[in-house]
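Down below is the structure, laid out as structure tokens.
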Amino acid sequence: MKKLGITAALAVLIVSCGSKNNKRIEMMADHENDSVFVVDENVWEELQVCNYEGTLPSADSEGIHYQLTLQKTNQDSLDTYTLTTTYLGSKGEYQTLTDNGTVITLTGIPDDSTAIVYQLVSATPEYEKIYFLANDDSTLTMIGKDFKKALSKLNYTLRQTH
55 MKKLGITAAL AVLIVSCGSK NNKRIEMMAD HENDSVFVVD ENVWEELQVC NYEGTLPSAD
115 SEGIHYQLTL QKTNQDSLDT YTLTTTYLGS KGEYQTLTDN GTVITLTGIP DDSTAIVYQL
175 VSATPEYEKI YFLANDDSTL TMIGKDFKKA LSKLNYTLRQ TH
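With this note's numbering applied, the sequence shown corresponds to residues 55 to 216, in that order.
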């Protein structure tokens with residue numbers, strides 16, 4: 055049963071953050087009932103990193119361009135993130151900030167007990183937590199600390215990049 059769980063977890067990881075390159079990922083069987091994945095180190099590293107990007111609305115600028123990298127460092131440690139935000143000012147003025155910290159994966163929001171939410175907890179104590187709802191394998195939507203989407207029709211979605 056434990057092998058099934060590990061296999062399922064690897065399959066989800068491969069689907070959600072996999073590379074399009076034809077790297078070596080294969081299923082091998084030592085015995086009829088046993089199977090293990092063999093994954094090259096380079097692919098394993100790629101499978102551990104997901105990149106998202108998008109420009110979200112802002113009240114005091116033309117928008118904020120987000121570049122978010124989520125990384126699983128290993129099974130025993132917490133997930134981490136790096137977030138680069140570029141404020142797109144009118145008249146071509148730009149201000150870029152980079153932040154990093156810990157990702158906490160939460161399950162459930164109002165009206166959806168199975169929803170997955172990534173809570174970004176900055177290494178800088180005075181920064182507020184940021185929340186992203188995982189919509190599917192390739193998009194995240196910024197939500198409020200009340201775990202609700204904005205009532206606006208504006209786009210708060212980041213898309214996975216490869």
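For each residue, glycine too, the CB sits at the ideal point set by N, CA and C.
Here the structure is a predicted model, which means the values were calculated and not measured.
Problem set entry | Distance between P111 and D133 (C-alpha atoms, nearest Å) | Within the sequence shown, the letter at position 79 stands for residue 133. Within the sequence shown, the letter at position 57 stands for residue 111. Approximately 27 Å, taken between the alpha carbons.
For this session: Over the uninterrupted beta strand (DSSP E) stretch that includes Q173, give me the two end residues.
Result: On the sequence shown, position 119 is the one that residue 173 refers to. That run of the beta strand (DSSP E) goes D166 to S176.
For this session: Following the continuous beta strand (DSSP E) through Y141, name the residue where it begins and the one where it ends.
Result: Indexing the sequence shown from 1 puts residue 141 at position 87. Looking at the DSSP string, the run of the beta strand (DSSP E) that includes Y141 is D133 to L142.
For this session: Check each candidate in S167, T211, I158 and G155 and name the one with the smallest Cα separation from D224.
Result: Absent from the model: residue 224. The displayed extent of the chain is 55 to 216, so no value can be given.
Exercise. Do V157 and L124 have their C-beta atoms within less than 8 Å of each other?
Worked result: Residue numbering aside, residue 157 sits at position 103 when the sequence shown is read from its first letter. Residue numbering aside, residue 124 sits at position 70 when the sequence shown is read from its first letter. Cβ atoms of V157 and L124: closer than 8 Å.
Problem set entry | Proximal residues to S115 (C-beta, below 8 Å), its chain only, five neighbours per side dropped | In the sequence shown, the residue the question calls residue 115 occupies position 61. Y141, L142, G143 and S144.
Exercise. Tell me which same chain residues have a C-beta within less than 6 Å of the C-beta of L137, skipping the five on either side of it?
Worked result: The residue labelled residue 137 in the question sits at position 83 within the sequence shown. L122 and D153, listed in sequence order.
Problem set entry | Residue closest to D166, alpha-carbon to alpha-carbon, out of S206, N189, Y148 and K183 | Within the sequence shown, numbered from 1, the residue matching residue 166 stands at position 112. Out of S206, N189, Y148 and K183, N189 has the C-alpha closest to the C-alpha of D166.
Exercise. Should K183 and K199 be called a contact, given that it needs their Cβ atoms to be closer than 8 Å?
Worked result: Within the sequence shown, residue 183 is the residue found at index 129, counting from 1. Within the sequence shown, residue 199 is the residue found at index 145, counting from 1. Yes, the Cβ-Cβ distance between K183 and K199 is below 8 Å.
Problem set entry | Euclidean distance between Cα positions of G117 and T168 | Locating residue 117 in the sequence shown gives position 63, where the first residue counts as 1. Locating residue 168 in the sequence shown gives position 114, where the first residue counts as 1. Answer to the nearest angstrom: the Cα atoms are 31 Å apart.
For this session: Alpha carbon to alpha carbon, how far is V171 from E180? Give it in angstroms, no decimals.
Result: Residue numbering aside, residue 180 sits at position 126 when the sequence shown is read from its first letter. Residue numbering aside, residue 171 sits at position 117 when the sequence shown is read from its first letter. The straight-line gap from Cα to Cα measures roughly 21 Å.
Exercise. Across which residues does DSSP place T193 in a beta bridge pair?
Worked result: On the sequence shown, residue 193 is found 139 positions in, with the first residue counted as 1. Its beta-bridge partners are R213.
Exercise. Is the beta carbon of Y106 sitting closer than 8 Å to the one on L208?
Worked result: Against the sequence shown, residue 106 aligns to sequence position 52. Against the sequence shown, residue 208 aligns to sequence position 154. Not in contact: Y106 and L208 (Cβ atoms no closer than 8 Å).
Problem set entry | Own chain, CB closer than 6 Å to T215, minus 5 neighbours either side, in chain order | Within the sequence shown, the letter at position 161 stands for residue 215. Result list for T215: N105 and E107, in chain order.
Exercise. Is DSSP giving G155 helix, strand or coil here?
Worked result: Here residue 155 corresponds to residue number 101 of the sequence shown, with the count starting at 1. Of the three classes helix, strand and coil, the one that applies to G155 here is strand, per DSSP.
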